Amino acid sequence: MRILRSVSVVLVVATLSACSKDSESAGSSYDVKAGDTTCSVEETSVPAGTVTFQVENTGSDVTEVYVYGKDGDAFSKIMGEVENIGPGTSQDFTVDLPAGDYEVACEPGMVGDGIRTQLNVG
Amino acid sequence: MLANYLIGLREGLEAALVVSILVAYLVKTGHRDRLPAIWVGVASAIVLSLAFGALLSFTRQSMSFQAREAFGGVMSILAVALVTWMIFWMKRTARFLKRDLEGRLADALTVGRAALVTIAFVSVAREGIETSLFIWSAAQASSGTSPLAGATLGLLTATALGYLLYRSAVHINLATFFRYTGIGLVIVAAGVLAYGFHDLQEARWIAGLTHTAFDVSAQVPLSSWYGTLLKGALNFNPTPTYVELGVWATYLVVVMTLFLWPPKAQPAPRPRVETPATA
Numbered sequence: 091m092r093i094l095r096s097v098s099v100v101l102v103v104a105t106l107s108a109c110s111k112d113s114e115s116a117g118s119s120y121d122v123k124a125g126d127t128t129c130s131v132e133e134t135s136v137p138a139g140t141v142t143f144q145v146e147n148t149g150s151d152v153t154e155v156y157v158y159g160k161d162g163d164a165f166s167k168i169m170g171e172v173e174n175i176g177p178g179t180s181q182d183f184t185v186d187l188p189a190g191d192y193e194v195a196c197e198p199g200m201v202g203d204g205i206r207t208q209l210n211v212g
Numbered sequence: 022m023l024a025n026y027l028i029g030l031r032e033g034l035e036a037a038l039v040v041s042i043l044v045a046y047l048v049k050t051g052h053r054d055r056l057p058a059i060w061v062g063v064a065s066a067i068v069l070s071l072a073f074g075a076l077l078s079f080t081r082q083s084m085s086f087q088a089r090e091a092f093g094g095v096m097s098i099l100a101v102a103l104v105t106w107m108i109f110w111m112k113r114t115a116r117f118l119k120r121d122l123e124g125r126l127a128d129a130l131t132v133g134r135a136a137l138v139t140i141a142f143v144s145v146a147r148e149g150i151e152t153s154l155f156i157w158s159a160a161q162a163s164s165g166t167s168p169l170a171g172a173t174l175g176l177l178t179a180t181a182l183g184y185l186l187y188r189s190a191v192h193i194n195l196a197t198f199f200r201y202t203g204i205g206l207v208i209v210a211a212g213v214l215a216y217g218f219h220d221l222q223e224a225r226w227i228a229g230l231t232h233t234a235f236d237v238s239a240q241v242p243l244s245s246w247y248g249t250l251l252k253g254a255l256n257f258n259p260t261p262t263y264v265e266l267g268v269w270a271t272y273l274v275v276v277m278t279l280f281l282w283p284p285k286a287q288p289a290p291r292p293r294v295e296t297p298a299t300a
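Quick note, the sequences are listed as chains F and D, same order. According to my numbering, the first sequence is numbered sequentially starting from 91. According to my numbering, the second sequence is numbered sequentially starting from 22.
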């Protein structure tokens, strides 16, 4: 029983500490509509800082959305992600984005490079 | 509806299989009295996951990317450690059984209640928050085809498959049960470990995220029933990185070899000498 209590305490502390960090800065919030062949982001020029994306799966397959930053020449550095979004459902995710160029990728079927949209943060 | 069903099935399958193996283990070794320990672990993992998922979902907060990956990575490694321990515990106790013995395993040789609670808890909680967020998002969906129904049916199917595994395990002899569940758990644990390393690569604690070893996603899509079962039960990744593949193969070869290696020969029992009763 001691083990169970310690594991629960660790989980509670870890999750709560992650939560409280994000609630400090309000930041900006944008819709992303992820379909089977489309990926439309409400705004493609956003202010730097904490950005929340409210992702709605408008397609028929499970999807995931990533925000990629630049890693050398390629946009392959994961800034934030949300996975396992079922069709007809919505989930949010929050990223801290310093000024620069990024790509938002919608990956229907949770595979591949995805459908990418440029995002300018400044 | 189908896609949400497959997500539910995939998310629930691994935990259902591990828990059903734990239940079969207790029933077959004559320790039904320890079953409540498993249910405590499962129930608290479900309740905690649903509670945190609801908190994050309804207050519209989210865990930072690093926090999610760290949590997932830690839980995966913990799950692998626990399952590996269980595998070798079973190997150790297997030698105290004769091939056809179905009797009660001695208390000291049976996995203790605290360990049972922990393994059951971690198996369910490992993907618990992610699954919970998916469930809450399905519950809040205003779409007509009811994603929540699909998701729930998927989870119920996973539970049913776990139950089927338990029923099939009940009829085989104990030594065979230990052997095959051990082999199965090694394969499951290898998949979890590879998945954990992928998370660490996404969080950039380990390099090589973009170095994909191969891509069979066209042959094994997640939207197919076989792709779902492979991912759900074995954490099969159709586009693994070299690190993932290396970790998976190394764990599999090393642990499988250690598990299947015959134990040290037992010393032959001293023959009992029948002495005639003396008057």
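Backbone N, C-alpha and C define an ideal beta-carbon position, used for all residues, glycine too. Source: prediction; values computed, not measured.
Three-state secondary structure assigned by DSSP to residue i
i, result
"G341 of chain D", "Residue 341 of chain D is absent from the model: chain D starts at 22 and stops at 300."
"S113 of chain F", "Model confidence at S113 of chain F stands at a pLDDT of 44, short of 50, so the residue's coordinates are unreliable and nothing is read from them."
"K285 of chain D", "coil"
"Q82 of chain D", "coil"
"I227 of chain D", "coil"
"S167 of chain D", "coil"
"R206 of chain F", "strand"
"P198 of chain F", "strand"
"I193 of chain D", "coil"
"D126 of chain F", "coil"
"L186 of chain D", "helix"
"A164 of chain F", "strand"
"V132 of chain D", "coil"
"T173 of chain D", "helix"
"T233 of chain D", "strand"
Spatially closest choice to residue i from the options, by CA coordinates
i, options, result
"I168 of chain F", "D:W226, D:L69, D:L34 and D:N194", "D:W226"
"A72 of chain D", "D:V44, D:A102, D:I150 and D:R89", "D:I150"
"N194 of chain D", "D:K49, D:L23, D:A24 and D:G33", "D:K49"
"A127 of chain D", "D:L47, D:T180, D:V39 and D:L266", "D:L47"
"P261 of chain D", "D:H52, D:R188 and D:V213", "D:V213"
"M84 of chain D", "F:Y120, F:D182, F:A189 and F:D203", "F:D182"
"T128 of chain F", "F:G170, F:S150 and F:S118", "F:S150"
"Q87 of chain D", "F:V185, F:A164, F:T140 and F:Y120", "F:V185"
"D163 of chain F", "F:T140, F:Y192, F:S130 and F:E197", "F:Y192"
"G125 of chain F", "F:S118, F:P137, F:E154 and F:V136", "F:E154"
"D203 of chain F", "F:A138, F:G176 and F:Y156", "F:Y156"
"L279 of chain D", "D:V101, D:K112 and D:G94", "D:K112"
"S130 of chain F", "F:V122, F:P137 and F:N174", "F:V122"
"F155 of chain D", "D:W106, D:A210, D:S78 and D:G93", "D:S78"
"A270 of chain D", "D:H232, D:G229 and D:Y216", "D:Y216"
"P198 of chain F", "F:V152, F:Y158 and F:S166", "F:V152"
"G176 of chain F", "F:M200, F:V194 and F:G159", "F:M200"
"Y263 of chain D", "D:Y247, D:G229 and D:S238", "D:G229"
"A211 of chain D", "D:Y272, D:F218 and D:Q82", "D:Y272"
Contact set for residue i: own chain, Cβ-Cβ below 6 angstroms, skip 5 residues either direction
i, result
"G29 of chain D", "A172, G175 and L176"
"A179 of chain D", "L30, G33, L34 and A37"
"L206 of chain D", "V104 and I108"
"S115 of chain F", "For S115 of chain F, the pLDDT reaches just 48, beneath the cut-off of 50, and the residue's location in the model is therefore unreliable, leaving the point undetermined."
"G248 of chain D", "V241 and P242"
"G159 of chain F", "K167, M169 and Y192"
Own chain, CB closer than 7 angstroms to residue i, minus 5 neighbours either side, in chain order
i, result
"M96 of chain D", "V143, A146 and R147"
"D121 of chain D", "For D121 of chain D, the predicted structure reports a pLDDT of 44, less than 50, and the residue's modelled location is therefore unreliable. The matter cannot be settled from this model."
"L130 of chain D", "T114 and F117"
"S158 of chain D", "S78"
"R53 of chain D", "L47"
"L56 of chain D", "V44 and L47"
"S238 of chain D", "P259 and T260"
Cβ neighbours of residue i in the same chain (closer than 8 angstroms, five flanking residues each side left out)
i, result
"G45 of chain D", "For the sequence presented, residue 45 of chain D should be read as Ala rather than Gly. Around A45 of chain D: L186, Y187, A190, V191, F198 and T202."
"A24 of chain D", "G171 and S244"
"G253 of chain D", "L30, R31, E32, G33, L34, E35 and A179"
"I59 of chain D", "V40, L43, V44, L47, L137, V138 and A141"
"Q240 of chain D", "P259"
"S180 of chain F", "Q144, V145, E146 and N147"
"S70 of chain D", "V145, A146, G149, I150, T152 and S153"
"M171 of chain F", "Per the sequence shown, the amino acid found at residue 171 of chain F is Glu instead of Met. So the qualifying residues of the chain are E154, V155, Y156, V157 and F183."
"V136 of chain F", "S118, Y120, L187, L209, N210 and V211"
### Minimum length 4: unbroken alpha helix (DSSP H) runs contained in the stretch 84 to 118 of chain D
86 to 115
### Query
What are the uninterrupted segments assigned as alpha helix (DSSP H) that are 4 or more residues long and contained completely in the stretch 237 to 282 of chain D, given in chain order?
246 to 255 and 263 to 281
### Task
Residues of the stretch 119 to 130 of chain F with a CB closer than 7 angstroms to any CB of chain D: list them in chain order, please.
none
### Message
Can you pull out the residues from the stretch 228 to 251 of chain D whose beta carbon lies closer than 8 angstroms to at least one beta carbon of chain F?
### Response
L230, T231, S238, P242, L243 and S244
### Message
Which residues of the stretch 163 to 176 of chain F have a Cβ closer than 9 angstroms to any Cβ of chain D? Give them in chain order.
### Response
A164, S166, K167, I168, M169, G170, E171, V172, E173, N174, I175 and G176
### Task
Please name the residues in the stretch 84 to 115 of chain D whose beta-carbon is closer than 7 angstroms to at least one beta-carbon of chain F, in chain order.
M84, S85, F86, A88 and F92
### Query
Got a sec: which bits of the stretch 175 to 197 of chain F sit with their beta carbon under 9 angstroms from any beta carbon on chain D, in order along the chain?
I175, G176, P177, G178, T179, S180, Q181, D182, F183, T184, V185 and D186
#### Entry: Residues, ordered as in the chain, of the stretch 264 to 290 of chain D that lie near chain F by beta-carbon distance below 7 angstroms
none
### Message
Extract the residue ranges of the beta strand (DSSP E) inside the stretch 134 to 195 of chain F, only unbroken runs of 3 or more that lie entirely within it.
### Response
139 to 147, 153 to 161, 164 to 175 and 180 to 187
### Message
Quick check for students: name the residue ranges of the beta strand (DSSP E) that lie wholly in the stretch 132 to 157 of chain D, counting only runs of 3 or more.
### Response
none
### Query
Between the stretch 136 to 152 of chain F and chain D, which residues of the former have CB atoms less than 8 angstroms from a CB of the latter, in chain order?
T142, S150, D151 and V152
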